[in-house]
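*Asks:* Next up is a structure, given as structure tokens.
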Amino acid sequence: MTQSGERRKILVIGGGGREHAIVWKLRQSPRLREVYCTPGNAGIARDAVVFPADFSNNFARLIDRAKNLRIDYTIVGPEVPLADGIVDAFTAASLQIFGPCQAAARLESSKAFAKEVMIAAGIPTAQSETFEEVAPALEYARSLGAPLVVKADGLAAGKGVVVAQTLAQAETAIRQNLEHYQFGESSARVVIEEFLAGEEASILAFTDGNVIVPMASAQDHKQLHDNDLGPNTGGMGAYSPAPIVTDDVMQEVRERVFLPLFEELQKRDIDYKGVIYAGLMLTTGGPKVLEFNCRFGDPETQAILPRLENDLVDIIEAVCEGTLHLHHLTWTPESSICVVMAAKGYPENPEKGAIIEGLEEVQANDRAVVFHSGTAEQGANIVVSGGRVLGVTAIGKNLPRAMDTVYKEVAKIHFDGVHFRRDIGRKALGRL
Ligand code: AMP
Ligand code: GLY
1 MTQSGERRKI LVIGGGGREH AIVWKLRQSP RLREVYCTPG NAGIARDAVV FPADFSNNFA
61 RLIDRAKNLR IDYTIVGPEV PLADGIVDAF TAASLQIFGP CQAAARLESS KAFAKEVMIA
121 AGIPTAQSET FEEVAPALEY ARSLGAPLVV KADGLAAGKG VVVAQTLAQA ETAIRQNLEH
181 YQFGESSARV VIEEFLAGEE ASILAFTDGN VIVPMASAQD HKQLHDNDLG PNTGGMGAYS
241 PAPIVTDDVM QEVRERVFLP LFEELQKRDI DYKGVIYAGL MLTTGGPKVL EFNCRFGDPE
301 TQAILPRLEN DLVDIIEAVC EGTLHLHHLT WTPESSICVV MAAKGYPENP EKGAIIEGLE
361 EVQANDRAVV FHSGTAEQGA NIVVSGGRVL GVTAIGKNLP RAMDTVYKEV AKIHFDGVHF
421 RRDIGRKALG RL
């Protein structure tokens, strides 16, 4: 099948800001017949037909639903269903789905596997070893010295990585995993690695398994507080483009990361389609890979998709059909910034239930958009129902203009205990 120009029915799996941004972007396409989302959230429910997620019986119910609705393409947002084999299940049922198969998704669901692949492919990354026993892990940690990094092998909702400033902190993290199974099965092994200094950037790329097409760069802000202080979170904001990602960096990542990665996967007979995300540390010795994600990043996607000029239905279709080589991505030269508004107590113990006010005021503005993450409808109100609550994205002629707009819009929205960073984008200003 080639690009027919036919209108498509698309199902999006997930219910966060990333999925809202995907739905919002799909809705701009004249080729969209209908968009569905499961489980969605209060904001997505205004832009898509939502229904509760039911992943029981190995996705059998979801597959039935997709068949009954005559869905053309399903897009998987989060990592957990990918790690659980949703792509394999849909493919076995002859349904088209955007995302990597379970074997490929191990690049994200096992940090030890990702490291093994990187080493085999010669991809630049931090020096590391994987352990199942405390004693040798401690010995290796001592040989590296502090600071160093301890990572739970499996998925841990963004909480599995400890950047240890002292050996004592590293020891605690090692024991929390290997002795106390802090993240259940995900803690059965730890990857211990050298600390890399530098600035971080995310480079996401679409791939249909034949060609790799990088998206515009972005920079996430993982720490909870301004100036990168406080605990790691899923991401408190992002901007795109990231000026630190020059054309040279982009080229280097393509040649030294993406191409060898896909060569290595091919050697192992592992097919990959969907989005590959390289989390990078830009060190004085060049870009090094911190992690791979097998999906769109969140909040990066909330900053990246508003800059994409292509029709997203075309791109999703091309990835699923293996015709991505026919497409060239174009991006508005403007800048975008996404500021995440989080619930009181995030990330440890987010409090639910606060009423969100002021949303309509931002909806009136065409330079800004509010993507919902942890929101739910309660009577006539929209209330907080998760840790990251909203992502407010603004586009501007340049980064300072986008920053200006985004913070003006953020100021219009309020809920009890709201927390957001006031410095999203500031790091990049010094580079302009
Ligand atoms: P990851 O999930 O592996 O990307 O790790 C989460 C965060 O921990 C990264 O975004 C970095 O801020 C930090 N981190 C991970 N690995 C390293 C490393 N080797 N050196 C310094 N910081 C790291
Ligand atoms: N923003 C980081 C992630 O999506 O994992």
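For what it's worth, the working numbering labels the leading residue of the sequence shown as 1, then goes sequentially.
Glycine is no exception: its CB is placed at the ideal position from the N, C-alpha and C atoms.
These numbers were taken from a predicted model, which means no experiment stands behind them.
Who pairs with residue 75 in a beta bridge, going by DSSP?
*Replies:* 12 and 98
*Asks:* For residue 292 and residue 325, I'd like the C-alpha separation in whole angstroms.
*Replies:* 23 angstroms
*Asks:* If you measure from the CB of residue 222, is any heavy atom of the ligand GLY nearer than 8 angstroms?
*Replies:* yes
*Asks:* What is the DSSP secondary structure of residue 342, counted as helix, strand or coil?
*Replies:* Of the three classes helix, strand and coil, the one that applies to residue 342 here is strand, per DSSP.
*Asks:* From the DSSP output, in three-state form, read off residue 293 for me.
*Replies:* strand
*Asks:* Do residue 82 and residue 213 have their beta-carbon atoms positioned less than 9 angstroms apart in this structure?
*Replies:* no
*Asks:* Check for me: the alpha helix (DSSP H) holding residue 420 runs from which residue to which?
*Replies:* Unbroken run through residue 420: none, as it is neither H nor E.
*Asks:* By the three-class DSSP mapping on this structure, what secondary structure does residue 17 have?
*Replies:* helix
*Asks:* Kindly give me the distance between the Cβ atoms of residue 87 and residue 77, rounded to whole angstroms, as I take these residues to be in contact under 8 angstroms.
*Replies:* So it is not a contact: roughly 13 angstroms between Cβ atoms.
*Asks:* Compute every distance between the C-beta of residue 193 and the non-hydrogen atoms of the ligand AMP, then say whether any falls below 8 angstroms.
*Replies:* yes
*Asks:* What residues in its chain sit with their C-beta under 7 angstroms from that of residue 165, if we drop five residues either side in the sequence?
*Replies:* 146 and 147
*Asks:* For residue 38, count the other beta carbons within 10 Å of its own beta carbon; 16 or more makes it buried, fewer makes it exposed. Which is it?
*Replies:* buried
*Asks:* Using only alpha-carbon positions, find the residue among 299, 272, 349 and 318 that is nearest to residue 373.
*Replies:* 299
*Asks:* Nearer than 8 angstroms: is that true of the beta carbon of residue 373 relative to any heavy atom of the ligand GLY?
*Replies:* no
*Asks:* Go through its chain and collect everything with a Cβ distance to residue 89's Cβ below 7 angstroms, but skip five positions before and after it.
*Replies:* 58, 59 and 63
*Asks:* If contact is defined by three or more beta carbon pairs under 8 angstroms, each pair taking one atom from either stretch, is the region 198 to 206 in contact with the region 154 to 171?
*Replies:* no
*Asks:* Would you be able to state if there are at least three C-beta pairs under 8 angstroms between the region 107 to 125 and the region 43 to 51?
*Replies:* no
*Asks:* From the DSSP secondary-structure annotation, give me the bridge partner or partners of residue 129.
*Replies:* 192
*Asks:* Take residue 1 and list the residues in its own chain whose beta-carbon comes closer than 6 angstroms to its own, dropping the five residues that flank it on each side.
*Replies:* At residue 1 the pLDDT is 40, less than 50, meaning the model places this residue with poor confidence; the figure from the coordinates comes in the next sentence. Excluding positions up to five away in sequence, the list reads 321.
*Asks:* Checking the sheet assignment: what are the DSSP bridge partners for residue 214?
*Replies:* Paired residues: 205.
*Asks:* I believe residue 174 touches residue 141 by the beta-carbon criterion, under 8 angstroms. Please report the beta-carbon distance rounded to the nearest angstrom.
*Replies:* 7 angstroms
*Asks:* If you draw a straight line from the alpha carbon of residue 195 to that of residue 126, how long is it in whole angstroms?
*Replies:* 7 angstroms
*Asks:* Cβ of residue 302 within 9 angstroms of Cβ of residue 338?
*Replies:* yes
*Asks:* Find the nearest neighbour of residue 340 within the set 224, 185 and 201, judged by alpha-carbon distance.
*Replies:* 224
*Asks:* For residue 394, count neighbouring Cβ atoms within 10 angstroms of its own Cβ and tell me buried if that reaches 16, exposed if not.
*Replies:* buried
*Asks:* For residue 375, does the count of other Cβ atoms within 10 angstroms reach 16, so buried, or fall short, so exposed?
*Replies:* buried
*Asks:* Grouping DSSP H, G and I as helix and E and B as strand, with all else coil, what is residue 248?
*Replies:* helix
*Asks:* Hey, residue 216 and residue 243 are a contact pair by Cβ (cut 8 angstroms); roughly how many whole angstroms apart?
*Replies:* Not quite, the Cβ-Cβ distance comes to about 12 angstroms (not below 8 angstroms), so this is no contact.
*Asks:* With a threshold of 8 angstroms, establish whether the CB of residue 279 neighbours any heavy atom of the ligand AMP.
*Replies:* yes
*Asks:* Along the chain, where does the beta strand (DSSP E) containing residue 240 start, and where does it finish?
*Replies:* 237 to 240
*Asks:* Counting only the same chain and skipping the five closest in sequence on each side, list residues whose C-beta sits under 8 angstroms from that of residue 79.
*Replies:* 105, 108, 109, 155, 293, 294 and 295.
*Asks:* Is any non-hydrogen atom of the ligand COA found closer than 8 angstroms to the C-beta of residue 216, if you look at the structure I gave you?
*Replies:* Looking for the ligand COA in the displayed structure turns up nothing; the ligands present are the ligand AMP and the ligand GLY.
*Asks:* Per DSSP, what are the beta-bridge partners of residue 388 in this structure?
*Replies:* 342
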